[in-house]
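*Asks:*
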Amino acid sequence: MHIFSRTLPTLAGLALAAHPALAASEAPHIVSRAGQHALIVDGAPFLMLGAQVNNSANYPAMLPEVWPAIEKMHANTVEVPIGWEQVEPVEGQFDFSFLDALLPQARERNLRLVLLWFGTWKNTAPSYAPEWVKLDQKRFPHMINAKGETHYALSPHHRSTLEADKRAFVKLMEYLKKNDPQNTVIMVQPENETGSYGAVRDFSPVAQKLFEGPVPAPLLRQMNKKPGTWRQVFGDDADEFFHAWSIAHYTNEIAEAGKAVKPLPMLMNAALASAFGRQPASTYSSGGPVHFVIDVYKAAAPAIDLVAPDIYTRDHAAYLAYLGFYDRPDNALMVPETGNDKEFARFFFPVVGRGAIGFAPFGMDYTGYYNYPLGAKDLDDATMELFARNYRLFGPMQREWAKWAFEGKTWGVAEPTDPKAEHSQHIDMGKYKMTVTFGQWQFGTEKPTGNPEPVGGVAVAQLGENEFLVTGFRSRVYFGLSKPAPLESMMTLRVEEGHFDNGKWIFRRVWNGDSTDYGLNFTGREQVLRVKLTTYKGTPPIPVGNPN
Ligand code: DGJ
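To convert a position in the sequence shown, counted from 1, into the numbering used here, add 1100.
1. Going along the chain, which residues of its own chain have a beta-carbon closer than 6 Å to the beta-carbon of V1595, five neighbours each way excluded?
2. For P1554, which residues in the same chain have their Cβ closer than 6 Å to its Cβ, ignoring the five residues on either side in sequence?
3. The ligand DGJ and A1371: does the residue's C-beta get closer than 7 Å to at least one heavy atom of that ligand?
4. In the structure shown, what three-state DSSP assignment does T1329 receive?
5. Can you name, in chain order, every residue of its own chain whose Cβ lies under 6 Å from the Cβ of G1219, other than the five neighbours on each side?
6. Short check: CB of A1175 to CB of L1149, under 8 Å?
7. What residue does the alpha helix (DSSP H) around H1349 start on, and which one ends it?
8. Is R1574 helix, strand or coil when you go by DSSP?
9. Identify, in the order they occur along the chain, each residue of the same chain with its Cβ nearer than 6 Å to the Cβ of R1454, setting aside the five sequence neighbours on each side.
10. Got a sec: does the ligand DGJ put a non-hydrogen atom nearer than 7 Å to the Cβ of F1462?
11. Is F1607 buried or exposed, if buried means 16 or more other CB atoms sit within 10 Å of its CB?
12. Using only CA atoms, which one of A1355, S1296, F1600 and F1198 lies nearest to P1226?
13. Would you call W1541 buried or exposed, if buried means 16 or more other Cβ atoms sit within 10 Å of its Cβ?
14. Suppose the cutoff is 7 Å on Cβ atoms and the five residues either side in sequence are ignored; what does the same chain contact list for Y1636 look like?
15. Are there 16 or more other CB atoms within 10 angstroms of the CB of A1346, so buried, or fewer, so exposed?
16. When the Cα of F1376 is compared with those of T1413, P1548, A1355 and S1382, which residue comes out closest?
17. At a cut-off of 7 Å, is D1410 close to the ligand DGJ when judged by its beta-carbon and the heavy atoms of the ligand?
18. On a CA-only basis, which of A1144, N1154 and A1161 is nearest F1462? Give me that one, please.
19. What number of angstroms, rounded off, separates the C-alpha of T1634 from the C-alpha of D1614?
20. Considering only residues of the same chain and omitting the five flanking positions on each side of H1349, which have a CB-CB separation below 6 Å?
21. So what's E1597 in DSSP terms, helix, strand or just coil?
22. Have a look at Q1289 and Q1525 and give me their C-alpha separation to the nearest angstrom.
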């Protein structure tokens, strides 16, 4: 099975190197070229090796229970919620004391932050709205469902709610402009998992009037449609698309106002719809940035840099499908939340292989909350170690990796659990291809059986026409030629183990003999290999278990 194949864009003249003069003043931002993306931090591409803390870890008293987990994990970025109720408990009175504690403590630890604004919507609900909002349904109306009943979610159709949320969000951005000139905060997420469960959209009179009106021109353009009402243009999808437009448009205004103060990259995260097939929108977070409505978000919310999947499925095929949906020329891939159970750690490899700007397991702290079955039952050392080893491996070369990813030259796979995959995965890299197997001994040619637990993963970057950097855990890697000409064969020239240190490759040893005859075997150790290949006219070397 071929996971995906990509042609390599030419990036002549692309200045990627860090520019110290720029770095001090330049706010983090996202650049896109030839369908690839990079998050620029301090003037150069940056890979967020992230961790998201639990929902109620956003108070100064909790930070001593957060930092040890982040340190153990070797994360370089922490995603932390900021609740509207927390910063504006009384209307018009703002309290940023949590940020007064968070920012310096993050800096001391050389960590960057992504702030999650829990405002009008947190997992679709108004749970983080201040009491003065929650208690005033007249001023801050809820949605009305199709039966005419008041729904739990706030409606996106009321300026009173939008203005109140926007004012608080702008205050947050003003705080950052004043107190974070060093850009410790590299991204902000306005709202959290928008949409509504149990009602496909707002059926209140004000919403209904808009629904019966024309589809806005930017959406018609984005989706190449002729003018008409929502129902005329989108048929059965009309209700969900209308709701998505309304929420995206609302959040866009908040993001835009925040960016006018400090132009940080902004993302919106999605509580996902099923990856395969289509269930009724009322069964998932209708109106949120699920994969069916990414185009609606693109048209309605130009101030939102990217929409991103919160991936809690343990299903290998579904996980990869979500990565495909959100990795688009107009949308940088980022996984702002994923499960923190053992089997999720290996998905880091296809995520960074696809050139994502960041990855963050959820619930990475020692505050004592575990969201099993979404994540782990307990963040014990064995579970933590599987995430920590990924970040120890990539930490020293995250800048290099982010640069190769921006050039479209990275790929990755995770151990499959589908029996049809036969414990192997294939990567097409143009001239060369790779087969990755899971659960073979290091010597010999017996069939792969899979690891006792699905923990294997591999990522590869192309450094030159015939040179690759490859790394991973619990797997065997074989290179081969994708389309060999008659009598064209491949030979391994040299395999070096080493690591990156401040942009410099530090040689450790050469792998040869048994270490390369049966493919390149990655164990639980952190090992980075540089592989030089060549081709020649002649018969191939006697194959020693190479399935290529
Ligand atoms: C997704 C949400 O975005 C998080 O805040 C959290 O509630 C998790 N789900 C579940 O733990």
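Glycine residues also receive a C-beta, built at the ideal position from the N, C-alpha and C atoms.
This one's a predicted model, so the numbers in the text were calculated from it and none came from an experiment.
*Replies:* Working from what's here:
1. Here residue 1595 is taken as the residue at index 495 of the sequence shown, counted from 1. So the list reads W1611, T1616, L1629 and V1631, once near-sequence residues are dropped.
2. Within the sequence shown, residue 1554 is the residue found at index 454, counting from 1. Contacts found: E1443, E1515 and T1517.
3. Walking along the sequence shown from the start, residue 1371 turns up at place 271. Flag set: Cβ of A1371 near the ligand DGJ.
4. Position 229 of the sequence shown, counted from the first residue, corresponds to residue 1329. Correct three-state label for T1329: strand.
5. Here residue 1219 refers to the residue found at position 119 of the sequence shown. Contacts found: W1184, D1265 and E1291.
6. Walking along the sequence shown from the start, residue 1175 turns up at place 75. Walking along the sequence shown from the start, residue 1149 turns up at place 49. Yes, the pair counts as a contact, with Cβ atoms nearer than the cut-off.
7. To locate residue 1349, count along the sequence shown from 1; it is residue 249. It spans A1338 to V1361 - the alpha helix (DSSP H) in which H1349 sits, taken as one unbroken run.
8. For the purposes of this step, residue 1574 is taken as residue 474 along the sequence shown, with counting starting at 1. DSSP places R1574 in coil when its eight states are reduced to three.
9. Within the sequence shown, residue 1454 is the residue found at index 354, counting from 1. Excluding sequence neighbours, R1454 sits near L1423, D1427 and L1433.
10. Translated into positions along the sequence shown, residue 1462 becomes position 362. Yes, since a heavy atom of the ligand DGJ falls inside the 7 Å radius drawn around the Cβ of F1462.
11. Numbered from 1 along the sequence shown, position 507 holds the residue referred to as residue 1607. So F1607 counts as exposed.
12. As a working note, residue 1226 is residue 126 in the sequence shown. Comparing Cα-Cα distances from P1226 to each of A1355, S1296, F1600 and F1198, the minimum goes to S1296.
13. As a first step, residue 1541 must be located in the sequence shown, where it is residue number 441. Flag for W1541 reads exposed.
14. For the purposes of this step, residue 1636 is taken as residue 536 along the sequence shown, with counting starting at 1. So the qualifying residues of the chain are S1589 and M1591.
15. Within the sequence shown, numbered from 1, the residue matching residue 1346 stands at position 246. Checking the sequence, you will find Ser at residue 1346 rather than Ala. Classified as buried, S1346 has 16 or more neighbouring CB atoms from the shown chains inside 10 Å of its CB.
16. Working through the sequence shown from its first residue, we reach residue 1376 at position 276. It is T1413 whose Cα lies nearest to the Cα of F1376.
17. Position 310 of the sequence shown holds residue 1410. Set against 7 Å, the gap from the CB of D1410 to the closest heavy atom of the ligand DGJ is smaller.
18. For this step, residue 1462 is matched to residue 362 along the sequence shown. Selected option, being the one with the closest Cα: N1154.
19. Position 534 of the sequence shown, counted from the first residue, corresponds to residue 1634. Position 514 of the sequence shown, counted from the first residue, corresponds to residue 1614. Using only the alpha carbons, I get a separation of about 20 Å.
20. In the sequence shown, residue 1349 corresponds to position 249, counting from 1. Once the five neighbours on either side are set aside, the close Cβ partners of H1349 are A1400.
21. Taking the sequence shown and counting its residues from 1, the one referred to as residue 1597 is at position 497. Correct three-state label for E1597: strand.
22. Walking along the sequence shown from the start, residue 1289 turns up at place 189. Walking along the sequence shown from the start, residue 1525 turns up at place 425. Each residue's alpha carbon lies about 34 Å from the other.
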